[in-house]
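Below you'll find the structure, written out as structure tokens, and then a few comments.
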Amino acid sequence: MALNPDLIGRTYPPSEPYLVGREKIREFARSIGDENPAYHDVAVAQGLGHADVVAPPTFAFTFVFASAAVVILDPDLGLDYTKVVHGEQSFVYSRPIVAGDELVVINTIENIRAAAGNDMITVKSVVSTTSGEPVVVTTKVIVARGTGAQ
Amino acid sequence: MTTNLKFANVEVGTKLPALSVPIQRLDLIRYAGASGDFNIIHWNERFATSVGLPNVIAHGMFTMASAIRVVTDWVGDPGAVVEYGVRFTRTVPVPDDGVGVLLEISGEVTELLEAGRVRVTLTASSAGQTVLGRAQAVVQLA
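Protein sequences appear in the order of chains A and B.
Okay, so the first sequence: first residue is 1 according to the working numbering, each after it adds one.
Okay, so the second sequence: first residue is 151 according to the working numbering, each after it adds one.
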């Protein structure tokens, strides 16, 4: 069954604030085997002009992914999560994320389109600090296999 | 943002040092824990094969995170990456054979942009096949 295109443009309430932890950044960097000192050493990060250790470029996906559960589980969307794969991902930064940031995510369904028997759902996630400073916009395309009009 | 890499020293065609990332099951478990993505297809072979996958597959975001290391290693300051996007075109199966697989990543400057920025195009392959499409980053140089 095709997903409901009327949901294009639906924006969900802001996520609870996510506090970026220094140890979480270090743990994430270690999990990808990355020893860049800007991820681990506060003094090095500050020497580069950052307030604290910097998050790797894809770190934001961890809490954006969690916040997007409101979209994935929206009963109006009717998505079968077991049939979903990640098609595309992008990040556009206003500034790097650093430890200590308190970030809020606002998710919007930007597009739903059928392609080759699948539905492609584009979700835009706008990440800002709790005081409203823009930080990063992430966009992901998820593919719901076999739901699109043939 | 501070980098020692000068825009004036870079041109279209400048190659970034390549990187090979070995991936074993333990790396996927570790990434699952760090990222919070516990999707079963990334750690349970029985489940992965039952839904038609050849084996447990790496998280697309693990591949994406690994690929940008070519850029962050090159530029030094990870904060210099202002845009990064990919398409996930092929899965990366990771067998439980004590060896795992290699992810091979290379990058090249493909466009000079305004304000000291450059576009880098990345290639990521595993078992001889590319696994990311349109993998590009915009990088702020000095």
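Don't be surprised by glycine CBs; every beta carbon is placed ideally from N, CA and C.
Nothing here was measured: the structure is a model prediction, and the numbers come from that model.
Contact check, residue i vs residue j, beta carbons under 8 Å
{"i": "residue 288(B)", "j": "residue 232(B)", "result": "yes"}
{"i": "residue 155(B)", "j": "residue 292(B)", "result": "yes"}
{"i": "residue 95(A)", "j": "residue 52(A)", "result": "no"}
{"i": "residue 125(A)", "j": "residue 103(A)", "result": "no"}
{"i": "residue 5(A)", "j": "residue 112(A)", "result": "yes"}
{"i": "residue 175(B)", "j": "residue 227(B)", "result": "no"}
{"i": "residue 13(A)", "j": "residue 130(A)", "result": "no"}
{"i": "residue 144(A)", "j": "residue 84(A)", "result": "yes"}
{"i": "residue 64(A)", "j": "residue 138(A)", "result": "yes"}
{"i": "residue 88(A)", "j": "residue 24(A)", "result": "no"}
{"i": "residue 266(B)", "j": "residue 50(A)", "result": "no"}
Other residues of its chain near residue i: CB distance less than 8 Å, five sequence neighbours each side excluded
{"i": "residue 239(B)", "result": "280, 281, 282, 283"}
{"i": "residue 203(B)", "result": "191, 241, 243"}
{"i": "residue 170(B)", "result": "252, 253, 254, 255"}
Rounded Cβ spacing between residue i and residue j (contact assumed at less than 8 Å)
{"i": "residue 119(A)", "j": "residue 3(A)", "result": "5 Å"}
{"i": "residue 220(B)", "j": "residue 168(B)", "result": "7 Å"}
{"i": "residue 97(A)", "j": "residue 9(A)", "result": "At roughly 27 Å, the Cβ-Cβ gap does not stay under 8 Å, so residue 97(A) and residue 9(A) are not in contact."}
Neighbourhood of residue i by C-beta distance below 7 Å, restricted to the same chain and skipping five residues each side
{"i": "residue 57(A)", "result": "91"}
{"i": "residue 275(B)", "result": "254, 281"}
{"i": "residue 15(A)", "result": "67, 104, 105"}
{"i": "residue 198(B)", "result": "191, 205, 206, 207"}
Proximal chain E residues relative to residue i, where beta-carbon distance stays under 8 Å
{"i": "residue 255(B)", "result": "This model lacks chain E altogether, as its protein chains are A and B."}
Status (buried if at least 16 other CB within 10 Å, exposed otherwise) for residue i
{"i": "residue 217(B)", "result": "buried"}
{"i": "residue 73(A)", "result": "exposed"}
{"i": "residue 39(A)", "result": "buried"}
{"i": "residue 99(A)", "result": "buried"}
{"i": "residue 62(A)", "result": "buried"}
{"i": "residue 177(B)", "result": "buried"}
{"i": "residue 272(B)", "result": "buried"}
{"i": "residue 79(A)", "result": "buried"}
{"i": "residue 36(A)", "result": "buried"}
Residue i: first and last residue of the uninterrupted alpha helix (DSSP H) it sits in
{"i": "residue 40(A)", "result": "37-40"}
{"i": "residue 294(B)", "result": "Because residue 294(B) is not part of the residues shown, which for chain B are 151 to 292, the question remains open."}
Own chain residues within Cβ distance below 6 Å of residue i, not counting five before or after
{"i": "residue 166(B)", "result": "220, 224, 257"}
{"i": "residue 149(A)", "result": "Note that residue 149(A) has pLDDT 49, beneath the 50 cutoff, so the model's placement of it is unreliable and the number below is only indicative. For residue 149(A), where only same-chain residues beyond five positions count, the Cβ hits under 6 Å are 2, 114."}
{"i": "residue 214(B)", "result": "236"}
Endpoints, beta strand (DSSP E) assigned at residue i
{"i": "residue 63(A)", "result": "Careful: residue 63(A) lies outside any beta strand (DSSP E), inside the alpha helix (DSSP H) at 60-67."}
Residue i beta carbon near the ligand HEM (any heavy atom closer than 7 Å)
{"i": "residue 64(A)", "result": "With respect to small molecules bound, the structure shown includes none, and the ligand HEM cannot be examined in it."}
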